[in-house]
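Participant:
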DNA sequence: CGTTTCGCTGCAATCGTTTGCAGTACCGGC
DNA sequence: GCCGGTACTGCAAACGATTGCAGCGAAACG
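Structure (structure tokens):
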């Protein structure tokens, strides 16, 4: 309960340096140091150093209403998609003396709420959310408390909250154009969950890109997954293969995990990739270049997304910014060995 | 600068409920609620709810010297080894109302120091460190401040700091015995950095296991890597292959990344695995079951390690525990397809 | 030499809670 | 009727910092 009172406070320094605590505070703070006599300041600095003084940010935060902490909501850090984003965020925050409070929500509303509450109670200066969904209610709540919030990897239809994402439509277009360029025309889409903005937008992008290429998209050429997992990808892929009567020659998947699921059914059925079926993923997760075959996928600059998002919350610390909604970064197709010309 | 003063404080609740702030505090806290008249308590609860009161943990922490926050030091969250550990930690912490403050150190001493300072300034209640090294100095510093520290995935020789790890020696023995059982006798070791406890202990374990199996380990049968990366693994593997004059038939690697490096040189040289060379990894990182061939490796219960570590810091909150040093969890060999009988 | 200005420092309130202590009211027992 | 006890509740001092305001001495100015 009672931790040994070892901490040296501003008062200790003051006593030792023969000045008032207020003066110590000023001397220690870059911003206000000019207000104190250089000699005094120097002395205070010395004493602080000698005593091993460590400012108590908690106390500081109480007074200044700033904790220099940003809450980061992630569905599941175990999903390889997120670590790079997190790195991007952290590195950027660190530069400015901020720290990230990271939590996993599992996209579970109650976990989400618990975590957001906990973070608000800790007076975080802002939020970055990579979660697929966030209660409208929760959203409004943090909005009302006017602590900045920025979304990554997804966005709101109404643009009411700033977001940084990759241009999903353009990205999917890259993918379909690639296989079209290879000569494919019977192209399927293993789509992500439609209640997630990412899944939905990629599906839209697929339809658009196909239309632009003058290709029809029938009911048989797309299947929806309930989650972004290998299992669902496999299920959808199998259904697609069955429904198309073996005519499909390429699949663009809603994300890499889904693509891996496709690999699984090919292997199971003894079909080759890209010989029998070309597959392109989405995200360029770590290690997909090590799959057999290495996965052709669209690379999204995760780390940069994180960094930009961090930048944004940091800027938002200064107050709201007008006319800010979505920042789109450019995706990039990385061609590996899971795509090739159509069979026959 | 001045955020709108929207927060409702304990005083607002007090005014509204016609009681003293102290009473509100007591009513709101489970522990002390019995001290207040049930009716009053109920009324306070109601008002608090109605006003949307959110206790300010910062203020609370200032008074109670508890932040319910644990600092977690990780080398690099981008390394697939760590996300599961982090999950284990977070889930366990969440159960107890704690939150994790996570940072990436890159094993860089200055980053490390910066981060530790920042966390101490934020008055974290404890530390969990998964970093390979930590300045002796830093270690002592947090020790002196008597905030609990527990290590994961590595330990100190002198056992001065509680740690939770897997039994590296036993684990490597599992690996060695496996290939020995397959009939191998010319077994090499691609060892991790010897300045990291993990790398060192696995190397020791390798020598011991070989000795126990009655097998010699010559100078030509081990190569050391400077880092736990594919590149280094590849370099070491190539050297090993060259040095042994083509006699080696199996390699046990210091970790999965190193093993992947071995895969690379085999591919480069057109050699097969496990036909020409059996390879066993260490850690059972996500996705190694999807490599070609799926990697035989020793599984370490990352998530559990994290959970146990979290448990430990939590327990340590009650005060130091006597006779506590290292908690060893059991590794488990998972045999996949990268190992087979020796050629010839 | 008186007055203003300036540079520096001290004072004390404040941030939002917690908590030891004291006070009050009521009840029961003798 | 007095006393002790019990059950609440209020008071006020913390926790460790920040900061507007005021004071003070010395320099500058007229």
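Protein chains in written order, with the working numbering: chain A, 24 to 367; chain B, 24 to 367. Quick reminder that beta carbons are idealized off the backbone N, C-alpha and C, glycines included.
Using the Cβ count rule (16 or more neighbours within 10 Å means buried), how would you classify residue 306 of chain A?
Facilitator: buried
Participant: In three-state terms, what does DSSP make of residue 178 of chain A?
Facilitator: Correct three-state label for residue 178 of chain A: coil.
Participant: Would DSSP call residue 152 of chain A helix, strand or coil?
Facilitator: strand
Participant: Evaluate residue 235 of chain B with the Cβ neighbour count: other Cβ atoms within 10 Å of its Cβ, from every protein chain shown; 16 or more gives buried, anything less gives exposed.
Facilitator: If you draw a 10 Å sphere on the C-beta of residue 235 of chain B, you find fewer than 16 other C-beta atoms in it, and that means exposed.
Participant: Pick helix, strand or coil for residue 96 of chain A, following the three-state DSSP scheme.
Facilitator: strand
Participant: With a cut-off of 8 angstroms on the beta carbons, I'd call residue 14 of chain B and residue 271 of chain B a contact; round off their distance for me.
Facilitator: What is shown of chain B runs 24 to 367, which leaves residue 14 of chain B out entirely.
Participant: So residue 156 of chain A and residue 124 of chain A are supposed to be a Cβ contact under 8 angstroms. How far apart are they, rounded?
Facilitator: Between residue 124 of chain A and residue 156 of chain A the Cβ distance is about 20 angstroms, and since that is not below 8 angstroms, they are no contact.
Participant: Would a C-beta distance cut-off of 7 angstroms place residue 336 of chain A and residue 106 of chain A closer than the cut-off?
Facilitator: No, the Cβ-Cβ distance between residue 336 of chain A and residue 106 of chain A is not below 7 angstroms.
Participant: What are the start and end residues of the alpha helix (DSSP H) that includes residue 246 of chain A?
Facilitator: Taken as a continuous stretch (DSSP letters only), residue 246 of chain A belongs to no alpha helix (DSSP H), being part of the beta strand (DSSP E) at 245-247.
Participant: Just to confirm the assignment: which complete beta strand (DSSP E) runs, minimum length 3, are found wholly within the region 273-326 of chain B?
Facilitator: 273-276, 301-306, 319-322
Participant: Can you tell me where the alpha helix (DSSP H) with residue 210 of chain B in it begins and where it stops?
Facilitator: Per DSSP, residue 210 of chain B belongs to no alpha helix (DSSP H); it is in the beta strand (DSSP E), 210-214.
Participant: Decide if the region 190-198 of chain B is in contact with the region 221-234 of chain B; the criterion is three or more beta carbon pairs, one per stretch, under 8 angstroms apart.
Facilitator: yes
Participant: Would you report the Cα separation of residue 161 of chain A and residue 119 of chain B, rounded to the nearest angstrom?
Facilitator: 23 angstroms
Participant: Given this structure, state the Cα-to-Cα distance separating residue 278 of chain A from residue 357 of chain A, to the nearest angstrom.
Facilitator: 14 angstroms
Participant: Taking 7 angstroms as the cut-off, decide whether the C-beta atoms of residue 309 of chain B and residue 360 of chain B are in contact.
Facilitator: no
Participant: Do residue 33 of chain A and residue 47 of chain A have their C-beta atoms closer together than 7 angstroms?
Facilitator: yes
Participant: Give me the chain A residues within the contact set of residue 54 of chain B, using Cβ-Cβ distance strictly less than 7 angstroms, ordered along the chain.
Facilitator: The premise fails here: residue 54 of chain B is roughly 12 angstroms from chain A at the closest Cβ pair, so nothing lies under 7 angstroms.
Participant: Can you give me the Cβ contacts of residue 30 of chain A inside the same chain, cut-off strictly under 8 angstroms, excluding the 5 residues immediately before and after it?
Facilitator: 77, 79
Participant: Taking C-beta to C-beta, are residue 333 of chain A and residue 174 of chain A nearer than 7 angstroms?
Facilitator: no
Participant: In chain order, what residues of the same chain lie with their CB nearer than 7 angstroms to the CB of residue 178 of chain A, ignoring the 5 residues before and after it?
Facilitator: 186, 188, 220, 349
Participant: Would a check of beta-carbon distances place residue 251 of chain A closer than 7 angstroms to chain B?
Facilitator: no
Participant: So, residue 108 of chain B versus residue 325 of chain B, is the Cβ gap smaller than 7 angstroms?
Facilitator: yes
Participant: Based on the DSSP secondary-structure assignment, which residues constitute the bridge partners of residue 173 of chain B?
Facilitator: The secondary-structure analysis by DSSP pairs residue 173 of chain B across a beta bridge with B:151.
Participant: Can you list, in chain order, the residues of its chain with a C-beta nearer than 6 angstroms to that of residue 121 of chain A? Leave out the 5 residues immediately preceding and following it.
Facilitator: 91, 93
Participant: For residue 128 of chain A, does the count of other Cβ atoms within 10 angstroms reach 16, so buried, or fall short, so exposed?
Facilitator: buried
Participant: For residue 359 of chain B, return the contacting residues in chain A, with the cut-off set at a CB-CB distance below 7 angstroms.
Facilitator: Result: empty, since nearest Cβ-Cβ is about 14 angstroms, beyond 7 angstroms.
Participant: Let me see if you follow: with CB-CB separation under 7 angstroms, is residue 182 of chain B close to chain A or not?
Facilitator: no
Participant: At the level of alpha carbons, what is the spacing between residue 62 of chain A and residue 147 of chain B?
Facilitator: 34 angstroms
Participant: Can you pull the chain B residues whose beta carbon is under 9 angstroms from the beta carbon of residue 90 of chain A, in chain order?
Facilitator: The contacting residues are 81, 145.
Participant: Hey, could you find the ends of the beta strand (DSSP E) residue 189 of chain A is sitting in?
Facilitator: It spans 186-189 - the beta strand (DSSP E) in which residue 189 of chain A sits, taken as one unbroken run.
Participant: List the endpoints of the continuous alpha helix (DSSP H) containing residue 161 of chain A.
Facilitator: 159-167
Participant: Cβ of residue 12 of chain A within 7 angstroms of Cβ of residue 126 of chain A?
Facilitator: Because chain A spans 24 through 367 in this model, residue 12 of chain A falls outside it and cannot be assessed.
Participant: Determine the contact status of residue 194 of chain A and residue 321 of chain A, defining contact as a CB-CB distance below 7 angstroms.
Facilitator: yes
Participant: Below 8 angstroms on the Cβ atoms is my guess for residue 257 of chain A versus residue 284 of chain A; work out the distance and round it to an integer in Å.
Facilitator: 4 angstroms
Participant: Taking 7 angstroms as the threshold (beta carbon to beta carbon), is residue 84 of chain B in contact with chain A?
Facilitator: yes
Participant: Is residue 139 of chain B helix, strand or coil when you go by DSSP?
Facilitator: helix
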